[in-house]
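Asker:
Numbering (the numbering used here), first residue to last: -5 to 118.
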């Protein structure tokens, strides 16, 4: 069974290009949503084992950091691989691991090939 990657992105063209790249390059199944609350429901569903999260920073209702923190509060996802994509040049990984810190941050415009490479490493 293919690993499941959830993409939370409110720009449809970005979400669909990420999903296509992940499915074609990495052989994963990608689910896209523009609503972080819908993503949280997926992660809370015991029937839906998610392998990784790719999220935008600026989202309605919750930002990407809050979304990562909420998901990692769930015991089975406390080490969930997470990639953040943002247009905000000020965003950084900070200084050390924290519940809301993504494993990698990519700034828009980004390289699909590079995002795929990093996600592949995180899924190992």
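We put the beta carbon where it would ideally sit given N, CA and C, even for glycine.
1) Where do the ends of the beta strand (DSSP E) carrying residue 98 lie?
2) Output the distance between the C-alpha atoms of residue 23 and residue 117, rounded to the nearest integer angstrom.
3) Which residues in the same chain as residue 28 place their Cβ atom closer than 6 Å to its Cβ, once the five residues preceding and following it in sequence are excluded?
4) If I measure Cβ to Cβ from residue 80 and keep anything under 8 Å in the same chain, skipping five residues before and after, which residues do I get?
5) How close, in whole Å, do the beta carbons of residue 48 and residue 77 come, if the pair is a contact with beta carbons under 8 Å?
6) Going by other Cβ atoms of all chains shown within 10 Å of its Cβ, with 16 needed for buried, is residue 97 buried or exposed?
7) Out of curiosity, what's the CA-to-CA distance linking residue 121 and residue -2?
8) Residue 14 to residue 30, Cα distance in whole Å?
9) At 3 residues or longer, what runs of the beta strand (DSSP E) sit wholly inside the stretch 11 to 78?
Answerer: Quick answer:
1) Here the beta strand (DSSP E) through residue 98 covers 98 to 101.
2) 13 Å
3) 4
4) 50, 51, 52, 58, 99, 100, 101, 102
5) 5 Å
6) buried
7) Summary: the structure shown does not reach residue 121, with the chain confined to residues -5 through 118, and so no result is reported for it.
8) So the alpha carbons of these two residues sit roughly 20 Å apart.
9) Runs of the beta strand (DSSP E) inside the stretch 11 to 78: 23 to 27, 46 to 50.
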